[in-house]
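So for the sequence shown, our numbering puts the first residue at 34; every next one is plus one.
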Amino acid sequence: MSITSSYSALDLAGSFRLTSPTVSDIDLPITLPGDVHQSLLTADRIPDPYFGENEKTVMWVNETAWSVERSFSASATDIDGYLTLTLAEVDCIANIRLNGEVVAKTDNSFVRNDIDVTGKVRIGDNTLRIEFDIAPDVAKARSDAHPFPIPFTKNYQTNGLKGIHMNFIRKAACHAGWDWGICLMPIGVYGTMSLRKSRLARQESVQVDQAHGSNSVELQIKTRLFAFAHGEVELEHTIDGQTITDKLVVQKGENVFTHNVTIHNPKLWWPSGQGEQPLYPLVTNLDGEKTTRQIGLRKLEWIVEKDEIDHSFKCRINGRDITMMGANWIPADAIPSRITPAVIRDLLESAKGANMNMLRIWGGGQYEADYFYELCDELGILIWHDFMFACMSYPSDRPFLESVRTEITQQVRRLSHHACIALWCGDNEVIGSLSWYPETKADPGRYIANYDRLNSMLGNIVEDEDPVRRFWPSSPSLGYLDFSDGWHSDTRGDLHYWDVWHSAKAFEAYRTVHPRFASEFGFQSFTSMNVIETFAEEKDRNPSSPVMEMHQRNDGGNARILETMTRYFRFPRDFDQMVFLSQIQQGLAMKTAIEYWRSTKPRCMGTLYWQINDIWPVASWSSLDYGGQWKLLQYMAKRFFFAVNVVAVPQKAEVRTNSRGLPVQGDLPDTIVLKGINDTANEISVSLEVRAVKVGGGDRVVFSGNCAIGPDAAIPLTEVPMNEIAEDEFLFFSWRDANGNLLGENDFFPKAYKAYDIVPANVSASWSDRDGKPVLTLESDKPALFTTATVDIPGYFSDNAVTLLPGRKTELVFNPRHGRSVTSAELATSLKVRNLSETF
């Protein structure tokens, strides 16, 4: 049976007119989906808000009411049926007018508005108009009217600009600035804009639950329809060569239908690095309204159960406990118009390129567009998904809860079919924030009850709508209805460990905690020099200049970067070297934490550092610059996230620390244990060679041998007593597989780099082309630490920030970004190679 198409959709995206009731001289084109800031930028009505201190200059935009309007033409055929005006992600308080009539009022940017406009669209010309209120004013009015105070987050860093009660409106919290973000408060529409014609009913959602057998997967396909009246519809699902067609009787309102299909000999979906990512297209057809979803078949469980330590916290996929390795994700740009599929693909491919298999979508940002999750399915990147609440309490009155109920229900129904969705998390640090503010500390009982009303509702929605996935109440959290400290308890749940950054503890302090799953921790660096040049004139390139401080949103952040630098390195000679050195130490911080925590497997089964990307050009914790360029941390992440790895773990019989948690000056480990980590399903044999290398040149082998590492295991391979390492020596070790292929290299310095008399190294570079890709070959006459190659053409090398030893060649393959091809001759003209000795 074939279904007769009676469905059509009129795309309403495109050019609108932008006006303001209070700014008479603005009448500009605006492209929607899009935002007001981008329209004003295109028309030269505002300066680039990312340059210098222009953020202050453009604040009037978010303090202004705006309207957008367009006309569209409809034919008799277009309106011969039931009509739905669909507007998704209207940001955020707005009246929707169709031909002058208010057909809807929106106040939640995270929902899809499906507005019944049957009989309201005319043959011929029609007008769609959206009138945006001033969101900060609405938020403040709601806050003022609330029966008790609910403080907004202290994380807003708006450089003296007025505070905004973002907890009273449903909009990305970081739009108001964060401790890494600019305060723009964008206005616009970012999602679907269409007029949909249905014969009788429209699709609302299609969800797919999986039940895995020994050699088959049973899919339960739950289709939710909205019917405008009583009647009969035709529904069809096609997947894996099988078609289910059904004639269904619908009642006015919401209807839910369930169909089952079995896939035999399924091709299983695995996270990146663990297998393939086959996807099965599921095509749904309702009276001609066709939608397609890509289904990855995998069984995913979170194992939270009592063990000899306390409780485990790990992700089991297709029967294997797999270590999660990755980072936290924030919105890709502060100007929403600039977030495109190409931008997202570039960032996600960089995540996969650094051996990540999980990203955490952080609760102060946004639910991403469909294509984001489709790309994650394709690339094998799992998603820990916070709901959009962060770092502050929220109201729990009925209107707020009802708005959130619609939001969460829609989002879970929209996204639950994706293989990439691993976990729904209630919020980011909202439990912890109860102890941050005078108001919440003075009346904890009230605010805990207020929190639980919202959080329990979130958990109940997940239980009802997506019962196969775990709901985790908060991040960090120790578990169900546990409101205790998730920042410092490391025996269960997930951990946010921030003492190294916020309390200025030594990197070595990471080895004093032993998390089950480290979901947030980080260390800042300056953004790369070529990015700084896009927002700071030469006169402003000083860490304490107003412009550089404007592009540092964490209180005291620049000072903390420099203070740490003096702890581990000799102070650099100029600003450019300081920027370079800041990225080295950022990478070292994360390397110290993640290598150690991975070595404790199976105790620790996840490390997601803060953060992978930036929302604008800024000093931050990111490993990718704004625009997607790889910082040194991203390269180091590729190495410390190797599935088969060898790491150095210093051990001391007694570790002494001072009052700031720093190791006592001069204290050194007694021995260095080399641990092998195997995150694959098979036992692997590695050939390990460990050398003691003098910083001025010369080395000796201190261990060489074959070592077997069992599947999904971390075990000691050998150890080097500290008394066998000379004052001017460090350890350099490499490991190969059974066929002699190099799997990885690593090094370990027992002392701070500043304690060594590192000598200048002469590094030579030569280019060649191999298999259509440029290859850079580096050689050095002395040990050259953190040797880094950069070019002007967007792309990244196969490795970087590497240790070069005399007599050994190191080859770096260049991978251009954005799908372009490039030759070595094009790259050679802008090549720059630097190393640590140049900063001394």
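For every residue, glycine included, the Cβ atom is placed at its ideal position computed from N, Cα and C.
A Cβ-Cβ contact shorter than 8 Å links L864 with A798. With fewer than three CB-CB distances shorter than 8 Å, the region 407-422 does not count as touching the region 220-228. Judged by pairs of C-beta atoms under 8 Å, the region 78-89 does not touch the region 111-129, as fewer than three such pairs exist.
Using a 10 angstroms sphere on the CB of R586, the tally of other CB atoms reaches 16 or more, which defines it as buried. Scanning the region 615-656 for uninterrupted beta strand (DSSP E) segments of 3 residues or longer gives 639-642, listed from N- to C-terminal end.
For K474, the uninterrupted alpha helix (DSSP H) segment begins and ends at 471-475. Assigned with DSSP and collapsed to three states, P374 falls in helix. The beta-carbon distance between E122 and G214, rounded to whole angstroms, is 19 Å. This is too long to meet the 8 Å contact definition.
For Y115, the enclosing beta strand (DSSP E) stretches over residues 115-121. For the set P783, S767, K784, the Cα lying nearest the Cα of L776 is the one of S767. Its Cα nearest to that of A670, the residue G359 stands out among A746, G359, E96, D745. With contacts defined as CB atoms closer than 8 Å, L392 and L412 fail to qualify as a contacting pair. Within the region 158-212, the runs of alpha helix (DSSP H) at least 4 residues long that lie entirely inside it are, in chain order, 168-178. Contact between the region 697-714 and the region 745-761 is present, with at least three C-beta pairs closer than 8 Å. Bounds of any beta strand (DSSP E) do not take in S870, whose DSSP letter is neither H nor E.
In the displayed model, S449 falls within coil according to three-state DSSP, outside both helix and strand.
A straight-line Cα-Cα distance of about 28 Å links D81 and N200. Collapsing the DSSP output to three states places D403 in a helix.
For E582, the enclosing alpha helix (DSSP H) has its first and last residue at 579-583. Between P506 and T872, the CB-CB gap reaches or exceeds 8 Å. The beta carbon of Y668 is closer than 6 Å to those of N833, A834 in its chain, skipping five residues each way along the sequence.
The three-state secondary structure of D340, taken from DSSP, is coil. Taking a cut-off of 8 Å for Cβ pairs, the region 644-652 and the region 807-815 do not touch, as fewer than three such pairs fall below it.
If only complete runs of 3 or more residues are kept, the region 77-119 shows the beta strand (DSSP E) at 99-107, in order along the chain. The three-state secondary structure of A539, taken from DSSP, is coil. Residue pairing from DSSP places K865 in a beta bridge opposite T823. In the structure shown, the three-state DSSP call for C216 is strand.
In summary, T291 is exposed, with fewer than 16 beta-carbon neighbours lying within 10 Å of its beta-carbon over all protein chains present. Apart from the 5 residues on each side of it in sequence, V612 sits with its Cβ closer than 6 Å to the Cβ of F559, M562 in its chain, given in chain order. Under DSSP, T64 takes part in a beta bridge, and its partners are S48. Rounded to the nearest whole angstrom, the CA to CA distance from H198 to L73 is 25 Å.
Spanning the alpha carbons of E96 and A174 requires a straight line of approximately 14 Å.
In this structure, the alpha-carbon of G805 lies about 26 Å from that of Q310. With a cut-off of 8 Å on Cβ pairs, the region 337-348 is not in contact with the region 731-746, counting fewer than three such pairs. In the DSSP assignment, K138 forms a beta bridge with N128.
W93 is classed as exposed because its beta carbon has fewer than 16 other beta carbons within 10 Å across all chains shown.
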